[in-house]
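One structure is given here, and the rest of the page talks about it.
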Amino acid sequence: MKGAPVPEQAADDGHVLEFRLPDLGEGLADGDLVSWSVAVGDTVELNQTIAEVETAKAVVALPSPFSGVVVELLAEPGDTVPVGAPLIRVRNDLEVTEPPTATRNDVLVGYGPEAESTSRRRKPAPSAAMAATTPSSHRAAATPAARKLAKELGIDLWFVAGSGPEGAVTVDDVRSAVPVTAPRTPARVGEAAPAPVNGHSGDTDGGLIEPTAREERTPVSGVRKRTAAAMLASARTIPQASTFVTVDCTASMELLDHLRTTKSFEGLTLTPLALVAKATLAAIAEFPGINSAWDEPNQEIVTRHYVNLGIAVAAERGLLVPNLKEAQTLSLRELCREISDAAETARSGNATPADLRGGTFTITNVGVFGVDSGVPLVNPGEAAILCLGSIRKRPWVFRDELAVRWVTTLGLSFDHRIVDGELGARFLATTAGFLEDPLTLLSRV
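Numbering follows UniProt numbering, with no gaps: position 345 of the sequence shown is 345.
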């Protein structure tokens with residue numbers, strides 16, 4: 001990939017203009033072409049959607065930066081297209097005008113934003129100091145040599161902390177991000193492979209597997225490819241530990257039942273997840289170290305005094321984690337609305353790069369699948385992830401008597417470089433305490 005960004009109007013052959021895949025504002029090296037919205041011979045208008053491209057973060061509609069007649073489509077659906085690679089050629093017999101300048105809304109670089117069509121609250125922009133100390137909240141700037149090396153090594157710059165000027169990723173940063181593994185020696189052409197053990201065919205360590213008629217193969221792309229890379233990076237680079245607590249949340253369930261009947265929550269879907277999110281935010285306020293990140297090149301711990309709360313959502317494209325910006329400022333009612341809107345946006349495939357980047361702490365809710373608990377992997381760039389299990393009626397000793405109570409299990413996975421066992425345990429116990437006695441939580445609002 002070339003180091004410098006390639007202009008959208010990258011080539012002008014007479015009046016034939018070439019549109020190259022623009023920087024989607026995520027620091028990713030490529031995108032997967034999902035579909036074309038135009039065909040050869042079609043007339044396109046300025047800002048008309050010409051294609052959909054899938055990245056690790058979202059399916060993005062690409063608008064045309066100029067008008068004219070489509071001469072050639074330079075990629076096929078399913079192709080992985082590097083940033084800067086040509087996508088489409090358009091013949092334009094009119095004078096070419098510059099695309100409108102991007103504003104603060106998070107859209108494709110070089111395009112103006114569409115008008116906001118919903119009544120969701122206005123998300124505050126992070127301060128300059130905040131942006132400067134957040135490794136994962138901005139585009140991964142990198143030197144041309146670093147980008148070239150990252151592409152050759154298959155390293156996603158999104159997960160590499162930069163040590164260069166203004167946080168730019170350098171060649172040394174990319175090299176330090178290469179996992180230390182023993183290289184596999186490929187078999188020579190014509191050389192017989194070792195006989196399988198116990199009749200099993202194929203490798204057991206992630207190598208090639210011989211296809212059979214009873215197996216289905218699915219190309220790994222888009223969200224799944226980036227999720228795999230992120231989880232591999234998490235498992236290989238983050239020393240993780242976990243702790244659990246079982247919680248009597250009967251008072252929380254009773255409070256939710258009451259709030260659903262009030263005018264303030266009319267029209268909203270108030271779920272236990274919203275209250276757990278509120279309890280988590282209150283506990284983070286008491287233990288801000290849990291809301292940190294590890295800066296490997298500088299050997300520093302970056303503690304964020306703001307919370308971009310990630311909510312894991314199972315979508316058709318795979319697992320997405322939209323995050324609620326400045327979640328520490330939200331009331332329970334606002335959290336309820338924001339969580340619902342974020343989940344719906346993610347499931348519908350309309351989540352933007354801005355919705356999905358910059359998270360500082362994540363909650364995953366496996367309870368909706370009837371599972372009691374889990375041990376999730378920490379997202380790179382964060383220090384911990386909270387797992388909410390199913391909430392069930394169970395026998396429980398309450399005030400020295402056996403009773404039927406609403407009970408759940410909370411699990412916390414954390415980066416042990418940042419979070420000691422004591423901090424993790426205190427944070428989790430505090431979160432559980434707020435759920436056992438939610439009035440103490442609401443009294444803090």
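Ideal Cβ positions, reconstructed from N, Cα and C, are used throughout, including at glycine.
Identified DSSP bridge partners for residue i
i           : result
residue 464 : One cannot answer for residue 464 here, as it falls past the ends of the chain, which runs 1 to 445.
Val378      : Per DSSP, none; premise fails for Val378.
Arg394      : Arg405
Cys387      : Thr364 and Gly411
Glu296      : None, per the DSSP bridge assignment.
Ala61       : Glu52
residue 449 : The shown model of the chain, from 1 to 445, leaves out residue 449, and the question about it has no answer.
Ala315      : Gly318
Thr303      : Ser292
Val245      : Leu410
Asn350      : According to DSSP, Asn350 bridges with nothing at all.
Contact set for residue i: own chain, Cβ-Cβ below 6 angstroms, skip 5 residues either direction
i      : result
Arg89  : Val16, Glu18, Val71 and Glu72
Lys225 : none
Val276 : Leu388
Glu95  : In this prediction, Glu95 scores a pLDDT of 48, lower than 50, which makes its location untrustworthy; the coordinate-derived value is nonetheless stated afterwards. None.
Cys336 : Leu268, Leu270 and Ala274
Thr43  : Val69
Leu442 : none
Arg444 : Ala282
Val38  : Val44, Ile50 and Val70
Neighbourhood of residue i by C-beta, 7 angstroms cutoff - its chain only, sequence neighbours within 5 removed
i           : result
Ser292      : Ile301, Val302, Thr303, Arg304, Ala383 and Ile418
Glu286      : Thr430
residue 459 : Because the chain in this structure spans residues 1 to 445, residue 459 falls outside the shown range and cannot be described.
Met231      : Leu377
Arg91       : His15, Val16, Gly68, Val69 and Val71
Leu255      : Pro438
Ala343      : Ile311 and Val313
Ser338      : Correcting the residue type first, residue 338 is Glu in the shown sequence and not Ser. Here the set comprises Leu324 and Leu330.
Leu46       : Ser64, Phe66 and Ser67
Neighbour flag for residue i against chain B, beta carbons, 9 angstroms
i      : result
His416 : Annotation note: the requested chain B is absent from the structure, which comprises a single protein chain.
Identity of the residue in the options nearest residue i by Cα
i      : options                           : result
Val40  : Ile50, Val83 and Leu412           : Ile50
Met253 : Pro438, Arg20, Glu401 and Leu21   : Pro438
Pro86  : Leu62, Leu21 and Asp32            : Leu21
Gln48  : Leu33, Thr55 and Gly68            : Gly68
Val220 : Glu338, Pro297, Asp79 and Pro239  : Asp79
Asp415 : Ala282, Gly424, Thr409 and Leu74  : Gly424
Ser348 : Val44, Val60, Ser64 and Gly359    : Val60
Asp257 : Val245, Pro272 and Phe244         : Pro272
Asp355 : Val321, Ile290 and Leu428         : Val321
Glu296 : Ala241, Val245 and Thr237         : Thr237
Thr360 : Trp406, Phe398, Arg175 and Ile284 : Ile284
Trp36  : Leu62, Leu153, Leu46 and Glu45    : Leu62
Gly370 : Ala346, Ile339, Thr408 and Asn379 : Thr408
Leu428 : Ala403, Ala282, Thr345 and Phe398 : Ala282
Ile155 : Ala229, Asn298 and Trp406         : Ala229
Gly289 : Gln299, Lys278 and Tyr306         : Tyr306
Same chain only: Cβ atoms within 8 angstroms of residue i, ignoring 5 sequence neighbours per side
i      : result
Gly374 : Thr364, Val366, Cys387, Gly389 and Gly411
Glu436 : Val247, Asp248, Cys249, Ala251 and Ser252
Val81  : Leu21, Asp30, Gly31, Asp32, Leu33, Val53, Ala75 and Leu87
Thr280 : Leu309, Phe361, Ile363, Leu386 and Thr431
Boundaries (first-last residue) of the alpha helix (DSSP H) holding residue i
i      : result
Cys336 : Leu332 to Arg347
Gly424 : Gly421 to Glu436
Leu275 : Pro272 to Glu286
Thr250 : Thr250 to Leu259
Leu319 : Here Leu319 belongs to no alpha helix (DSSP H); instead the beta strand (DSSP E) covers Gly318 to Leu320.
Buried or exposed by the 16-neighbour rule on C-beta atoms within 10 Å, applied to residue i
i           : result
Lys263      : exposed
Pro77       : exposed
Glu401      : exposed
Ser234      : buried
Leu332      : buried
Lys393      : exposed
Asp173      : buried
Pro239      : exposed
Thr440      : exposed
residue 446 : Because the chain in this structure spans residues 1 to 445, residue 446 falls outside the shown range and cannot be described.
Pro380      : buried
Pro395      : exposed
Phe434      : buried
Arg214      : exposed
residue 447 : The structure shown has nothing for residue 447, since the chain only spans 1 to 445.
Where the beta strand (DSSP E) through residue i begins and ends
i      : result
Ile311 : Leu309 to Ile311
Asp32  : Asp30 to Trp36
Leu356 : Taken as a continuous stretch (DSSP letters only), Leu356 belongs to no beta strand (DSSP E), being part of the alpha helix (DSSP H) at Pro353 to Leu356.
Gly68  : Gly68 to Leu73
Val81  : Thr80 to Pro82
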